[in-house]
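S.K.: Below is the structure I would like to discuss, written out as structure tokens.
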Amino acid sequence: MIACRLDFGTSNSAIGIARGNAVALAPLEDGKTLMPSAVFFDYEAHRVLFGSAAISAYVGQTEGRLMRALKTILGSPLIDEETRLGSRKVPLAEVVGIFVRHLKHKAEAFAGQEVTAVVHGRPVRFVDGDEQADARAQAVLETIARQAGFSHVVFVPEPIAAAWHYEQTVQAEELVLIADIGGGTSDFSVVRIGPQRRGRIDRTGDILATTGVRVGGTDFDSALSLAAVMPLFGLGTRLAEKDLTMPNALYHELATWATINFAYTYKNEREVGGLVLEACEPEKVRRLLTVIGKRLGHRVAFAVEDAKIALSAGRDAAVSLDLVEKSLAAPVTRADFERAIRTRTDRLCEAARDCIAAADLDGAAIDTVFLTGGSSRVPAVRAAIAEAAPAARLATGSDLLSVASGLTQMAGRL
Ligand SMILES: Nc1ncnc2c1ncn2[C@@H]1O[C@H](COP(=O)(O)OP(=O)(O)OP(=O)(O)O)[C@@H](O)[C@H]1O
Ligand SMILES: [Mg+2]
């Protein structure tokens, strides 16, 4: 039997194959071993597209529906929701299944045979502070994997996989805090690693603690959108007749990847149309009507994400909103962004501290902090985590593929 290793990420996914001692990641698109976790239902050509092709079709304005951040629904009430695909209603869990099956096919094409076992990465926490809901999220994912054709399913915490990946690079024994800051969740583990330990079968004693929080890059996108973009669409503005501000639920829906599609209803269009007439700043609310009417929510979210990424390298950026209105842009500074995500970065620091404390250690005992995951590139995130282990050396590496490579390297251990 050959087993595949699946890193189904909120933003990006990868799948590897381990056969005997040979391990490798499967090419997913254009020879690349990582693809966006995105599905597009193309209403024009009646087909389903995945990854970058899904995003390109959506951006190219093909009529259809884009689904992104699918993994975040697992730990949320959305897991029981359906989405409208043309005239059909499909449970969101089924959309996750379609994506997992696509990855399975890619792994099989690479292996040249059927693959019926999977070592599946999972965040330490799908849900914060609710054991039952957390267990249910894993159970749903397991059902999805079984329905996709995997008869053997084993789950491994993502930061443990990232630890084994990092271990391949070290020359001496180290006590490491692994911080995997992804799209939907952030996972921490304190692990003892070293060249002599690498080959051991049972590593349970080397894993001193794991913690996780449901905070990630998609939350940063939401926070930035609500702080800088949604106000241009009327968030926080007043209504003339009544002493009220614009209702804000719709803005939150549009600012959150997993709920954007829910904003597109005739009821919303009608209501926002009515609010344009009552608004003190109707030109802003009219933009909201454009976003809903033309289904521009994901495009706005991509523009916000681009600006967020630009702020990791530069101090200023702009969210381009040309699509909504010619020459419209929301200027953003790194300082604004850091203010908008402050409660989240504080939680990351706290989660890192909790992990060290759960290992019965003091921050000073940590030799290295290994930062991985796309959102670990945010300077404020690095600073927040470094605070938890002030004396440690900061190490980084293969930000988006650490978990998948680590899972693949676990071959002999399972
Ligand atoms: N340079 C950058 N600066 C800031 N954020 C970035 C950068 N590059 C990528 N990101 C963010 O990283 C996130 C994706 O990271 P990653 O691929 O590690 O997540 P994932 O594995 O899909 O998610 P998870 O592990 O939470 O399920 C996205 O939110 C993306 O916007
Ligand atoms: Mg990840």
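Per the numbering used here, the very first residue in the sequence shown carries number 221; after that it's consecutive.
The beta carbon of each residue, even a glycine, is placed where N, CA and C say it ideally should be.
On a predicted model such as this, the values are computed, not experimentally measured, just so you know.
1. Round the Cβ separation of arginine 434 and threonine 405 to the nearest angstrom and send it over; I've been treating them as touching at under 8 Å.
2. CB-CB under 8 Å to cysteine 500, same chain, minus the five flanking residues each way: which ones, in chain order?
3. Return helix, strand or coil for arginine 573, following the three-state DSSP convention.
4. For leucine 254, which option in Gln629, Ser622, Glu264 has the closest C-alpha, if you only look at C-alpha atoms?
5. In the structure shown, what three-state DSSP assignment does leucine 495 receive?
6. Closest to alanine 265 by CA distance: which of Tyr278, Ser257, Pro256 is it?
7. What does a CB cutoff of less than 7 Å around valine 601 pick up in its chain, not counting 5 residues either side in sequence?
8. Under 6 Å Cβ to Cβ from leucine 508, same chain only, skipping five residues before and after it: list those, please.
9. Let's see if you can read the secondary structure: which residues bound the alpha helix (DSSP H) around isoleucine 275?
10. Following the continuous alpha helix (DSSP H) through histidine 325, name the residue where it begins and the one where it ends.
11. Closest to leucine 495 by C-alpha separation, out of Tyr471, Thr476, Met466, would be which residue?
12. Assuming valine 539 contacts valine 552 (C-beta within less than 8 Å), just tell me the rounded distance between them.
13. In whole angstroms, what separates the C-alpha of leucine 286 from that of valine 243?
14. Along the chain, where does the beta strand (DSSP E) that runs through valine 243 open and close?
15. Report the three-state DSSP secondary structure of asparagine 232 (helix, strand or coil).
16. Taking 8 Å as the CB-CB cut-off, is serine 547 touching chain D?
17. Out of Arg554, Glu489, Pro377, point me to the one whose CA is closest to isoleucine 529's CA.
18. Work out the CA separation of alanine 392 and alanine 478 for me, nearest whole Å.
19. Proline 297 and glycine 432 - do their beta-carbons sit closer together than 8 Å?
20. Classify aspartate 377 as helix, strand or coil using the three-state DSSP reduction.
21. Grab the span of the beta strand (DSSP E) containing glutamate 473 for me, first residue to last.
22. Comparing alpha-carbon positions, which option in Asp300, Gly349, Val360, Glu394 lies nearest valine 589?
23. Below 8 Å on the Cβ atoms is my contact criterion, and I expect alanine 609 with leucine 312 to pass it. Report the Cβ-Cβ distance as a whole number of Å.
24. Would you check whether ligand 2 has a heavy atom nearer than 7 Å to the C-beta of valine 492?
25. Measure the alpha-carbon distance for glutamate 378 versus alanine 615 and round it to whole angstroms.
26. Below 7 Å, is the gap between the Cβ of glutamate 525 and the nearest heavy atom of ligand 2?
M.R.: Well, looking at it:
1. 5 Å
2. Thr457, Arg458, Leu459, Ala460
3. The answer is helix: DSSP assigns arginine 573 an H, G or I state.
4. Ser622
5. helix
6. Tyr278
7. Ile401, Thr565, Leu568, Ser595
8. Phe453, Gly454, Val492
9. Where isoleucine 275 is concerned, the enclosing alpha helix (DSSP H) stretches over 271-279.
10. 312-331
11. Met466
12. With a Cβ gap of about 6 Å, valine 539 and valine 552 count as contacting.
13. Going from the Cα of leucine 286 to the Cα of valine 243 covers about 33 Å.
14. 242-245
15. strand
16. Here there is only one protein chain, and chain D is not present.
17. Arg554
18. 43 Å
19. no
20. It is proline, not aspartate, that sits at residue 377 in the sequence shown. The three-state reading of DSSP puts proline 377 in strand, counting E and B together.
21. It is not in any beta strand (DSSP E) - glutamate 473 instead sits in the alpha helix (DSSP H) that spans 469-475.
22. Glu394
23. That pair is no contact at about 38 Å.
24. no
25. Looking at the two C-alpha atoms, the distance is approximately 18 Å.
26. no
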